[in-house]
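Engineer: My structure is below; once you've seen it, I'll send some questions.
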Amino acid sequence: MLLTLLLGNLLHFVYDWTGQASWAAYISAVNESTWEHMKLLAVPWILWTAMTILIERRADCAAPRAAGLLTGLILIPALFYTYTGICGKSVDVVNVLIFQAAVLAAWLVSRGLQRRGSLSAPLWQVLGILVQLGAAAVFAVWTVNPPELPLFVDPTNGTRGV
2 MLLTLLLGNL LHFVYDWTGQ ASWAAYISAV NESTWEHMKL LAVPWILWTA
52 MTILIERRAD CAAPRAAGLL TGLILIPALF YTYTGICGKS VDVVNVLIFQ
102 AAVLAAWLVS RGLQRRGSLS APLWQVLGIL VQLGAAAVFA VWTVNPPELP
152 LFVDPTNGTR GV
(Lines of atoms letter the chains of each structure in order from A and count residues from 1; the text may use other names and numbers.)
(Lines give C-alpha, C1' and ligand atoms only; values in the text may rest on other atoms or scores of the structure.)
Protein backbone atom coordinates (compact mmCIF):
# COMPACT_ATOMS: atom_id res chain seq x y z
CA MET A 1 0.00 0.00 0.00
CA LEU A 2 2.78 2.45 0.88
CA LEU A 3 4.55 1.68 -2.41
CA THR A 4 1.36 2.51 -4.31
CA LEU A 5 0.83 5.73 -2.37
CA LEU A 6 4.42 6.89 -2.79
CA LEU A 7 4.85 5.91 -6.44
CA GLY A 8 1.37 7.07 -7.35
CA ASN A 9 2.06 10.54 -6.02
CA LEU A 10 5.49 10.67 -7.70
CA LEU A 11 4.16 9.41 -11.02
CA HIS A 12 1.90 12.43 -11.19
CA PHE A 13 4.99 14.45 -12.12
CA VAL A 14 7.28 12.01 -13.98
CA TYR A 15 5.96 12.80 -17.46
CA ASP A 16 6.87 16.48 -17.10
CA TRP A 17 10.09 15.75 -15.18
CA THR A 18 11.32 13.65 -18.12
CA GLY A 19 10.56 16.37 -20.65
CA GLN A 20 7.43 14.48 -21.68
CA ALA A 21 9.37 11.41 -22.76
CA SER A 22 7.23 8.95 -24.69
CA TRP A 23 8.11 6.05 -22.36
CA ALA A 24 6.99 8.09 -19.34
CA ALA A 25 3.52 8.54 -20.82
CA TYR A 26 2.81 4.85 -20.25
CA ILE A 27 3.56 4.91 -16.53
CA SER A 28 2.65 8.42 -15.40
CA ALA A 29 -0.08 11.02 -15.76
CA VAL A 30 0.16 12.89 -19.06
CA ASN A 31 -2.59 15.35 -18.16
CA GLU A 32 -5.08 16.20 -15.42
CA SER A 33 -7.92 13.95 -16.62
CA THR A 34 -9.60 11.59 -14.20
CA TRP A 35 -8.37 8.67 -16.33
CA GLU A 36 -4.75 9.69 -15.91
CA HIS A 37 -5.25 9.93 -12.15
CA MET A 38 -6.64 6.40 -12.18
CA LYS A 39 -3.39 5.33 -13.88
CA LEU A 40 -1.50 6.62 -10.82
CA LEU A 41 -3.17 3.84 -8.82
CA ALA A 42 -2.98 1.16 -11.51
CA VAL A 43 0.71 1.36 -12.44
CA PRO A 44 2.27 0.91 -8.98
CA TRP A 45 -0.45 -1.56 -7.96
CA ILE A 46 0.19 -3.79 -10.96
CA LEU A 47 3.97 -3.51 -10.47
CA TRP A 48 3.56 -4.46 -6.79
CA THR A 49 1.54 -7.52 -7.79
CA ALA A 50 4.05 -8.50 -10.48
CA MET A 51 6.95 -8.18 -8.03
CA THR A 52 5.13 -10.31 -5.47
CA ILE A 53 4.41 -13.01 -8.03
CA LEU A 54 7.84 -13.02 -9.66
CA ILE A 55 10.16 -12.34 -6.72
CA GLU A 56 8.28 -13.87 -3.80
CA ARG A 57 6.74 -16.57 -6.04
CA ARG A 58 3.30 -15.93 -4.54
CA ALA A 59 0.66 -16.08 -7.26
CA ASP A 60 -2.05 -16.45 -4.62
CA CYS A 61 -2.24 -12.65 -4.41
CA ALA A 62 -3.29 -12.08 -8.04
CA ALA A 63 -7.07 -12.38 -7.68
CA PRO A 64 -7.41 -10.45 -4.41
CA ARG A 65 -5.18 -7.71 -5.79
CA ALA A 66 -7.22 -7.59 -9.00
CA ALA A 67 -10.35 -7.10 -6.89
CA GLY A 68 -8.58 -4.39 -4.91
CA LEU A 69 -7.40 -2.69 -8.09
CA LEU A 70 -10.91 -2.64 -9.53
CA THR A 71 -12.23 -1.23 -6.25
CA GLY A 72 -9.75 1.65 -6.33
CA LEU A 73 -10.32 2.31 -10.02
CA ILE A 74 -14.07 2.57 -9.44
CA LEU A 75 -13.70 4.78 -6.37
CA ILE A 76 -11.51 7.45 -7.96
CA PRO A 77 -14.05 8.63 -10.57
CA ALA A 78 -17.05 7.90 -8.33
CA LEU A 79 -15.74 10.07 -5.49
CA PHE A 80 -14.31 12.75 -7.80
CA TYR A 81 -17.46 13.24 -9.86
CA THR A 82 -19.69 13.06 -6.77
CA TYR A 83 -17.88 15.78 -4.86
CA THR A 84 -17.28 18.03 -7.87
CA GLY A 85 -20.92 17.63 -8.82
CA ILE A 86 -21.96 18.76 -5.35
CA CYS A 87 -19.34 21.51 -4.92
CA GLY A 88 -19.21 22.65 -8.52
CA LYS A 89 -15.41 22.72 -8.56
CA SER A 90 -12.31 20.58 -8.14
CA VAL A 91 -10.04 21.12 -5.13
CA ASP A 92 -6.48 19.73 -5.35
CA VAL A 93 -6.29 18.73 -1.67
CA VAL A 94 -9.53 16.78 -1.98
CA ASN A 95 -8.25 15.10 -5.15
CA VAL A 96 -5.14 13.91 -3.32
CA LEU A 97 -7.30 12.64 -0.45
CA ILE A 98 -9.49 10.76 -2.94
CA PHE A 99 -6.41 9.07 -4.38
CA GLN A 100 -5.24 8.09 -0.90
CA ALA A 101 -8.71 6.83 0.07
CA ALA A 102 -8.91 4.76 -3.13
CA VAL A 103 -5.50 3.19 -2.45
CA LEU A 104 -6.53 2.41 1.13
CA ALA A 105 -9.84 0.88 0.01
CA ALA A 106 -8.05 -1.16 -2.66
CA TRP A 107 -5.58 -2.43 -0.09
CA LEU A 108 -8.32 -3.26 2.44
CA VAL A 109 -10.27 -5.26 -0.15
CA SER A 110 -7.15 -7.07 -1.33
CA ARG A 111 -5.88 -7.76 2.17
CA GLY A 112 -9.28 -8.89 3.41
CA LEU A 113 -9.70 -11.35 0.56
CA GLN A 114 -6.17 -12.70 1.05
CA ARG A 115 -6.57 -13.15 4.80
CA ARG A 116 -9.85 -15.03 4.34
CA GLY A 117 -8.35 -17.16 1.59
CA SER A 118 -11.05 -15.97 -0.80
CA LEU A 119 -10.42 -16.26 -4.52
CA SER A 120 -7.54 -18.63 -3.80
CA ALA A 121 -8.27 -21.32 -6.40
CA PRO A 122 -5.83 -21.44 -9.32
CA LEU A 123 -8.55 -20.36 -11.77
CA TRP A 124 -9.12 -17.17 -9.74
CA GLN A 125 -5.39 -16.47 -9.76
CA VAL A 126 -5.24 -16.82 -13.54
CA LEU A 127 -8.24 -14.50 -13.84
CA GLY A 128 -6.57 -12.05 -11.45
CA ILE A 129 -3.44 -11.97 -13.58
CA LEU A 130 -5.52 -11.52 -16.74
CA VAL A 131 -7.51 -8.66 -15.19
CA GLN A 132 -4.31 -6.84 -14.26
CA LEU A 133 -2.67 -7.47 -17.63
CA GLY A 134 -5.87 -6.26 -19.27
CA ALA A 135 -5.87 -3.13 -17.13
CA ALA A 136 -2.24 -2.46 -18.04
CA ALA A 137 -3.04 -2.85 -21.74
CA VAL A 138 -6.08 -0.59 -21.56
CA PHE A 139 -4.12 2.12 -19.76
CA ALA A 140 -1.34 1.89 -22.36
CA VAL A 141 -3.68 2.06 -25.35
CA TRP A 142 -5.99 4.74 -23.95
CA THR A 143 -3.07 6.93 -22.91
CA VAL A 144 -2.15 7.46 -26.55
CA ASN A 145 -5.58 6.92 -28.12
CA PRO A 146 -8.27 7.77 -25.54
CA PRO A 147 -11.98 7.45 -26.27
CA GLU A 148 -13.99 10.64 -26.65
CA LEU A 149 -15.51 10.48 -23.18
CA PRO A 150 -15.45 13.03 -20.34
CA LEU A 151 -13.34 10.68 -18.18
CA PHE A 152 -10.42 11.28 -20.56
CA VAL A 153 -10.69 15.06 -20.92
CA ASP A 154 -8.12 17.27 -19.19
CA PRO A 155 -10.27 19.88 -17.41
CA THR A 156 -7.48 22.46 -17.59
CA ASN A 157 -7.30 22.61 -21.39
CA GLY A 158 -9.90 20.26 -22.90
CA THR A 159 -7.36 17.89 -24.46
CA ARG A 160 -7.29 14.10 -24.26
CA GLY A 161 -4.30 11.75 -23.99
CA VAL A 162 -0.75 12.56 -25.01
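The sequence shown maps to residues 2 to 163 in my numbering.
Where is the CB? At the ideal position from N, CA and C, for every residue including glycine.
Count the other CB atoms within 10 Å of the CB of A67; is the residue buried (16 or more) or exposed (fewer)?
Structural biologist: Counting Cβ neighbours within 10 Å, A67 comes out buried, since at least 16 surround it.
Engineer: Looking at I77 and A103, is the spacing between their C-beta atoms short of 8 Å?
Structural biologist: Yes, Cβ-Cβ distance for A103 and I77 is below 8 Å.
Engineer: Is it true that the stretch 30 to 43 meets the stretch 145 to 160, where meeting means three or more beta-carbon pairs spaced less than 8 Å apart?
Structural biologist: Touching, yes, given that three or more Cβ pairs across the two stretches are closer than 8 Å.
Engineer: If you measure between the beta carbons of L80 and I54, is that distance less than 8 Å?
Structural biologist: In this structure, I54 does not lie closer than 8 Å to L80 by Cβ.
Engineer: Counting only runs that start and end within the stretch 35 to 105, where is the alpha helix (DSSP H) found for 4 or more residues in a row?
Structural biologist: For the stretch 35 to 105, whole alpha helix (DSSP H) runs of length 4 or above, ordered along the chain, are 35 to 56 and 63 to 88.
Engineer: Are the beta-carbon atoms of T83 and S91 separated by less than 8 Å?
Structural biologist: Against a cut-off of 8 Å, the Cβ pair of S91 and T83 comes out as no contact.
Engineer: From which residue to which residue does the alpha helix (DSSP H) around A138 run?
Structural biologist: P123 to V145 is the span of the alpha helix (DSSP H), which, as asked, contains A138.
Engineer: Given that a residue counts as buried once 16 or more other Cβ atoms are within 10 Å of its Cβ, and exposed if not, what is A43?
Structural biologist: Under this definition A43 is a buried residue.
Engineer: What residue from A63, I56, T5 and P151 has the CA that sits closest to L124's CA?
Structural biologist: Closest by alpha carbon: A63.
Engineer: Assign V154 to one of three DSSP states: helix, strand, or coil.
Structural biologist: Three-state result, V154: strand.
Engineer: Strictly by DSSP, which residues pair up with P161?
Structural biologist: Note on identity: in this sequence residue 161 is Arg, with Pro being the wrong assignment. The partner list for R161 (beta bridge, DSSP) reads V154.
Engineer: Looking at G69: is its Cβ nearer than 8 Å to the Cβ of A107?
Structural biologist: Yes, these two residues count as a Cβ contact at 8 Å.
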